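Worksheet for the structure shown next.
Numbering (the UniProt record's numbering), first residue to last: 1 to 421.
This is how it looks when you write it as structure tokens:
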């Protein structure tokens, strides 16, 4: 067991020694005046201070202390005793100094002042951590990737990236998280709680960062500016994602299929294709979705809401992106150009579908017969062969079809017949 004395007693004993010849105790470098008394004689009296017999040992965990008072304080960890009570809120503490620090919450006292920026703190260690902002000190180093942090807690959270540890588990759906704050934010999906409310329009949010981003709509503020092209954004994450356009970087790679993404969130959404996870559930009809935005769009079916209105023709849409695509009909804009043949399109998805003509890619595969298709809607139409479903119904005679195009051809016969008659 380590043998030790408190520094204050070492300092006190040193002051008692004269400037004459000195000899030193090997345990604490305590010095003795050899002229007044033999070193060996005094050392015999002094050394028992270091022995086990003079230490006060905890009978719960065998930790030992030189002072009995320190042992008493320590034992409160085992007994749970908290004798120091706050007279403001009733909260109790094991140590008197912990109570003093706590009481500053009620008094507002912040005695520890930063000499760089004037910011004040209730605790001295909070000031020390804050000062690292000014000094740039990041003393907590990751031994996996050498990334460094100002706070030990931030290092612990970061290391879970390497270990894969996600200790915070949702008791509703079983999803796990690396941080407790992420679990709390996630649980609001289940509870429906949206505690962050916009004072301009009353819209509410599950996370404070989403409220801040939303408020930029009212203020028009876009504080995050791209230094390459000058484009500005309301959120830093959007700027980072945008900058990947210039660098070509796609750092988030799917370990299932190798597809890479500019944003971690896009990778998470993509991985649900492999896992089949659809965490966003419609409370109206029970349909589930892998992407929250898709649920929001789906809910408009039930509410009938189409908040995005074209100022040219008055047509309304459930999504802003659909309105933007529609408005290109009026403007004639076709910004998505095929680099193989020069054909241009109003929407990026149409360009992607077109490019498969050149590449021959057919990513949509029928799980019944293995036939593959370039477009998802072509696969859906094909699957009607297996299911027997004919969703396109003629309102004239009741005949149904698997293809909308076949219905249109059929309806032409009714029109021709009416003209002939």
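For glycine and all other residues, C-beta sits at the position ideal for the given N, C-alpha and C.
Being a predicted model, the structure only gives us computed values, none of them experimental.
6 Å CB neighbourhood of residue i in its chain, flanking five on each side removed
| i | result |
| --- | --- |
| residue 65 | 56 and 71 |
| residue 120 | 110 and 113 |
| residue 328 | 346 |
| residue 180 | 168 |
| residue 263 | 241 |
Bridge partners - residue i, DSSP secondary structure assignment
| i | result |
| --- | --- |
| residue 233 | 224 |
| residue 204 | 197 |
| residue 373 | 364 |
| residue 149 | 140 |
| residue 57 | 64 |
| residue 264 | In the DSSP output, where bridge partners are listed per residue, residue 264 has none listed. |
| residue 345 | 336 |
| residue 436 | Because residue 436 is not part of the residues shown, which for the chain are 1 to 421, the question remains open. |
| residue 401 | 392 |
Sequence-distant residues of the same chain with beta carbon closer than 8 Å to residue i, five excluded per side
| i | result |
| --- | --- |
| residue 392 | 400, 401, 402, 403, 404, 406 and 407 |
| residue 45 | Here residue 45 scores only 43 on pLDDT, less than 50, and its place in the model should not be relied on; the value that follows carries that caveat. None. |
| residue 154 | 140 |
| residue 382 | 366, 371 and 373 |
| residue 269 | 290 and 291 |
| residue 222 | 216, 232, 233 and 234 |
| residue 158 | 142, 147 and 149 |
| residue 396 | 411 and 414 |
Proximity of residue i and residue j at Cβ, strictly below 8 Å
| i | j | result |
| --- | --- | --- |
| residue 302 | residue 289 | no |
| residue 364 | residue 348 | no |
| residue 254 | residue 242 | no |
| residue 352 | residue 344 | no |
| residue 88 | residue 106 | yes |
| residue 326 | residue 300 | no |
| residue 410 | residue 394 | yes |
| residue 271 | residue 284 | no |
| residue 499 | residue 246 | Residue 499 lies beyond the range of the chain shown here (1 to 421); nothing can be said about it. |
| residue 308 | residue 323 | yes |
Contacts around residue i, its chain only, beta-carbon distance under 7 Å, and the 5 residues preceding and following it disregarded
| i | result |
| --- | --- |
| residue 41 | Because the pLDDT of residue 41 is 44, which lies under 50, any placement of that residue in the model is unreliable, and the number read from its coordinates should be weighed accordingly. Cβ within range, chain order: n/a, list empty. |
| residue 177 | 166, 168, 183 and 186 |
| residue 259 | 270 |
| residue 19 | At residue 19, the pLDDT of 37 sits below 50, so the modelled position is not reliable and the matter cannot be decided from this model. |
Candidates the options: closest to residue i by CA position
| i | options | result |
| --- | --- | --- |
| residue 143 | 126, 133, 125 and 163 | 163 |
| residue 183 | 107, 106 and 167 | 167 |
| residue 217 | 207, 235 and 102 | 235 |
| residue 188 | 85, 280 and 334 | 280 |
| residue 81 | 92, 204 and 321 | 92 |
| residue 354 | 169, 294 and 376 | 376 |
| residue 201 | 252, 192 and 214 | 214 |
| residue 385 | 305, 62, 369 and 228 | 369 |
| residue 171 | 107, 191 and 132 | 191 |
| residue 195 | 88, 117 and 206 | 206 |
| residue 273 | 262, 131, 291 and 263 | 291 |
| residue 94 | 136, 74 and 103 | 74 |
| residue 117 | 108, 125, 220 and 130 | 130 |
| residue 219 | 199, 229, 208 and 133 | 199 |
| residue 312 | 125, 332 and 294 | 332 |
| residue 86 | 100, 315 and 362 | 100 |
Proximity test, Cβ basis, 8 Å: residue i and chain D
| i | result |
| --- | --- |
| residue 369 | In summary, chain D is missing from the structure at hand, where a single protein chain is found. |
Inset, instruction - Note down, one range per segment and in chain order, each alpha helix (DSSP H) of at least 4 residues found wholly within the region 267–324. - result: 292–303
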